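Data block below; observations after.
Protein chains: 2
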Amino acid sequence: MTRLGTVRADAARNLEAVLTTGARMLAADPGASIASIAAEAGVDRSTVYRRFASREDLLAAIYDARLTAIEQAITDARLREAPVAVALHRYVENIITVNRTWPVDLGRMLADDTVHSRRDAAVQEVDTFLERAVDEGLLRTGLPEGWASVLLPQLVHLVSRQRPELGPGQAADIVVNTFLHGLGVS
Amino acid sequence: MTRLGTVRADAARNLEAVLTTGARMLAADPGASIASIAAEAGVDRSTVYRRFASREDLLAAIYDARLTAIEQAITDARLREAPVAVALHRYVENIITVNRTWPVDLGRMLADDTVHSRRDAAVQEVDTFLERAVDEGLLRTGLPEGWASVLLPQLVHLVSRQRPELGPGQAADIVVNTFLHGLGVS
DNA sequence: TCTAAGTGCAGCATTTAAGTTGCAGATAAC
DNA sequence: GTTATCTGCAACTTAAATGCTGCACTTAGA
């Protein structure tokens, strides 16, 4: 380590590597050990413990990164003002990118109050958007309560994992098309 | 224990309780300990170890139960002979029931060769059925390769968890309708 | 009544991961 | 050149889960 670059730049790189590698490994196996994450990130186990007081602290940092990315994705999609069709596609595209960098499942961290409320706020924002989508005639009326709200993230999650070869735009095309029209004829 | 009923009947009940409780708890948290599963199932930790040589053995028994239920669900739906619309609904309905009893994710057990091949066979069966659904005009042509094949189980999984209040038939209605037509207007 | 099967309970050894710390080496900044 | 910072390495302690076993107790069935 530290053959090239500055000490501080290395430190920053290591921090990011631990976070993103941790996110990836914890998504694949929520029980992944700090040792295995550190090894995969190319740092020593003790280095991780010098940055994060505990395993839970590392998890919190990862979930925080995901939440921040989600909030940014929502803001960027302008869910409240943009035309619903445009906002939907952009939101999906953004979240696909988020899912690929921070694939961890927030459902596993709802014990933390901060995580819980930030997540609720994001969900609420999307729910409101979906209501607008109904009002403006993009989505059918009379759908099962909350169904759109759980279906959309699931489709995004699915395409994020199953279609790594597609860019976010193309992947979003599939999600939006499936979300609106399904796979049946006509 | 064993205030009512026979010793053997108790033993059978305990075995089933450990398996189903284990499936439920491991689905919620793959790292759930044998001790916590035993406690939830109302038996002693040692009883679990008398029936299963190891933790892995217990997991194998649970995955085996799920696989068997899936195979039964496929057979019962008559995916090869029944009209595609009928077979689809019946398959979905059956798998919803399977998911509710054995919610564990098989993806976590693909190390085991037997599990892997049995799962592959089941997936292949459904894939073939989906091809027939395209041939017979139920599904669109030109869909992304393998997309229907991963979407359908995901929808079933989603509705199994998110709509516990619905019977398998009604839940299957939602899945099939979403699968074929999405949530958009017309 | 006697036996076999099953169970809870308590205790044990082993393993694994978490978390901590001291030391020496490397490098950027001064 | 000196110092402060970051690192890997190695050596702990502690906590928790796995896996095993002996003992007493209960009950069904011979």
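Chains as they are written, first to last, in our numbering: chain A, 1 to 186; chain B, 1001 to 1186. For each residue, glycine too, the CB sits at the ideal point set by N, CA and C. Note that the structure is a prediction, hence the values are computed from the model and not measured.
Item                                                                                                                                            : Value
Proximal residues of chain B, C-beta to C-beta of residue 185 (chain A) below 8 angstroms                                                       : 1137, 1138, 1139 and 1140
Length of the line joining the Cα atoms of residue 81 (chain A) and residue 158 (chain A)                                                       : 27 angstroms
Residues of its chain near residue 1030 (chain B), where Cβ-Cβ distance is below 7 angstroms and the 5 sequence neighbours each way are ignored : 1108
Which of helix, strand or coil DSSP assigns to residue 1202 (chain B)                                                                           : Since the first residue shown for chain B is 1001 and the last is 1186, residue 1202 (chain B) is missing from the structure and cannot be characterised.
Whether residue 96 (chain A) touches residue 168 (chain A) by CB criterion (8 angstroms)                                                        : yes
Where residue 93 (chain A) falls, given that 16 or more other Cβ within 10 Å makes a residue buried                                             : buried
Complete runs of the alpha helix (DSSP H) confined to the segment 1027-1065 of chain B [at least 4 residues]                                    : 1034-1041 and 1045-1051
Any C-beta of chain B under 8 angstroms from that of residue 147 (chain A)                                                                      : yes
Sheet register partners of residue 1139 (chain B) (DSSP bridge)                                                                                 : A:184
Nearest-angstrom Cα separation, counted from residue 1014 (chain B) out to residue 1002 (chain B)                                               : Per-residue confidence for residue 1002 (chain B) stands at a pLDDT of 40, beneath the threshold of 50, marking its modelled position as unreliable; the derived number appears in the next sentence. Rounded to the nearest angstrom, the two C-alpha atoms are 11 angstroms apart.
From B:1151, B:1067 and B:1032, residue whose alpha carbon lies closest to that of residue 161 (chain A)                                        : B:1151
Beta-carbon gap between residue 1136 (chain B) and residue 1185 (chain B) smaller than 8 angstroms                                              : no
Cβ pair residue 143 (chain A), residue 175 (chain A) closer than 8 angstroms                                                                    : no
Sufficient close CB pairs (3 or more, under 8 angstroms) joining the segment 1033-1043 of chain B to the segment 1015-1024 of chain B           : yes
Opening and closing residue of the alpha helix (DSSP H) in which residue 86 (chain A) lies                                                      : 84-101
Cutoff 8 angstroms: residue 1004 (chain B) Cβ touching any chain A Cβ                                                                           : Only weak support exists for where residue 1004 (chain B) lies, its pLDDT of 38 falling under 50; the value from the coordinates is given anyway. No, no contact with chain A.
CA-to-CA distance, residue 1057 (chain B) to residue 1050 (chain B), given in whole angstroms                                                   : 11 angstroms
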